[in-house]
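Mind the numbering: the sequence shown is residues 39 to 316 in the working numbering, read in order.
Each residue gets a CB set at the ideal place from its N, CA and C atoms; glycine is no exception.
Everything below concerns the one structure shown next.
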Amino acid sequence: MCLIAFAINASARWPLVVASNRDEFYDRPTQPLAQWQTTSGQEIISGRDARAGGTWLGASPEGRVAFLTNVREPGRAPGLSSRGELITHWLEGRGPAEEFTARLVKSAAGYSGFNLILGDFQCSAWTWLTNRSTASASGWHAQQLPAGVYGLSNASLDTPWPKTIELKRVLSAALLQAKTNDDLQELLWLALARRAPGPPASFLQKNFLQAMEDAKATAFVDFPGHAYGTRSSTVLLVSRPPASPRMVGHRLEIHERTHRFSSCEKTSLAFSFRDVVN
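If you want it as structure tokens, here you go:
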């Protein structure tokens, strides 16, 4: 039941803000936020799924950003590719989103349901891709995203689940209230940490599916009896210097809080985008 709210060019100061909770089973090995290189030599900043090798949110020094959620559906067909590799493919690429989309549509059936957001500061383009749209027979949908505040969980973009609506509301308000990066972070951390009182273990044992449904209403998910919950929370900020041309001087910060039951580890990385001339 992952959750993301993101703002694209909704603020003169912050051209991109992302607030995200990643929910997963605790026994799935995960590497925390770090800078690493792909086999092609591309630098990527992200956490990593240590089982399949992909990621759920990442950025590159060349000004590319991507994040995804799974689409909630029963079961999983065998032999499908890891959705996390889609982010890696985008971040190490150089072509526009249209080329990436044209390639992906040919192989989209080889993945379980996903929502994928692609960003490119080189050309100020943002795209939402999904292979589980109800608007087409194939399930495929590609859409350019204008400036605005968006919410994404395990359904289509801006599906009005309570927690998605709430995190979008907090992000919109925070962009108006915050005066510094620290102010903005603090408001988003509080929203990502909100949780409902946990159901008793006896309820979870008999009504786990209902408890999963109830998780739609709370940002932070915790099912201790089933070793499932919010594994990490992430705040990503891109700051724009006054009167900066293109993306020169744009600075990206990624802050991650990794949760393991009652413990929390914090990792932060920051860099300025490279102005790549294609």
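Among the options, nearest to residue i - alpha-carbon criterion
i	options	result
isoleucine 35	Glu111, Pro200, Val103	No answer is possible for residue 35: the residues shown for the chain start at 39 and end at 316.
valine 208	Ser194, Thr197, Leu195, Gln223	Gln223
glutamate 294	Tyr266, Met39, Gln73, Asn153	Gln73
leucine 124	Ala115, Asn169, Pro112	Asn169
alanine 308	Ser277, Ser301, Trp164, Ser300	Ser277
alanine 231	Thr296, Gly151, Ile82, Asn192	Thr296
glutamine 75	Thr68, Gln215, Ile83	Ile83
threonine 318	Pro134, Gly122, Arg51	Because the chain in this structure spans residues 39 to 316, residue 318 falls outside the shown range and cannot be described.
alanine 50	Leu275, Cys302, Lys304, Ser306	Leu275
lysine 304	Trp52, Pro70, Pro53	Pro70
arginine 37	Ser78, Thr172, Gln181, Ala216	Beyond the ends of the chain as shown, which are 39 and 316, falls residue 37; an answer cannot be given.
valine 55	Ala97, Cys302, Gln80	Ala97
histidine 179	Trp227, Glu136, Pro53, Gln80	Glu136
Exposure label - residue i; buried when at least 16 CB within 10 Å
i	result
arginine 298	exposed
alanine 185	exposed
valine 315	Residue placement at valine 315 is flagged as unreliable, the pLDDT there being 42, under the threshold of 50; a coordinate-derived value is accordingly withheld.
glutamine 160	buried
phenylalanine 63	exposed
proline 280	exposed
serine 176	exposed
aspartate 158	buried
proline 198	exposed
alanine 147	exposed
leucine 142	buried
threonine 172	exposed
Cβ separation of residue i and residue j, assumed to be a contact under 8 Å, to the nearest whole Å
i	j	result
serine 120	glycine 92	5 Å
arginine 89	arginine 110	That belief does not hold up - the Cβ atoms of arginine 89 and arginine 110 are roughly 20 Å apart, past 8 Å.
threonine 126	cysteine 40	Threonine 126 to cysteine 40, Cβ: 18 Å. No contact.
alanine 255	lysine 201	6 Å
alanine 48	valine 187	5 Å
leucine 167	threonine 139	6 Å
C-beta contact flag for residue i and residue j at 8 Å
i	j	result
leucine 291	asparagine 219	For clarity, residue 291 is glutamate in the given sequence; the question names leucine instead. Against a cut-off of 8 Å, the Cβ pair of asparagine 219 and glutamate 291 comes out as a contact.
leucine 95	phenylalanine 105	yes
leucine 195	alanine 212	no
aspartate 61	glycine 267	yes
serine 270	glycine 85	yes
serine 306	glycine 287	no
Sequence-distant residues of its chain with Cβ nearer than 6 Å to residue i (five each side left out)
i	result
phenylalanine 241	Confidence at phenylalanine 241 is low in this model, with a pLDDT of 46, below 50, so its placement is unreliable and the value that follows should be read with caution. Result list for phenylalanine 241: empty, nothing under 6 Å.
arginine 312	Pro99, Glu100
Residues near residue i by beta carbon distance below 7 Å, same chain, minus five either side
i	result
leucine 22	As shown, the chain starts at 39 and ends at 316. That puts residue 22 outside it, with no answer to give.
glycine 317	Missing from the structure shown is residue 317; the chain here goes from 39 to 316 and no further.
tyrosine 149	Leu118, Ser119, Arg121, Asn169
glutamate 81	Gln73, Gln75, Ser98, Pro99
Cβ neighbours of residue i in the same chain (closer than 8 Å, five flanking residues each side left out)
i	result
serine 145	Ser119
arginine 233	Thr256, Ala257, Phe258, Val259, Asp260
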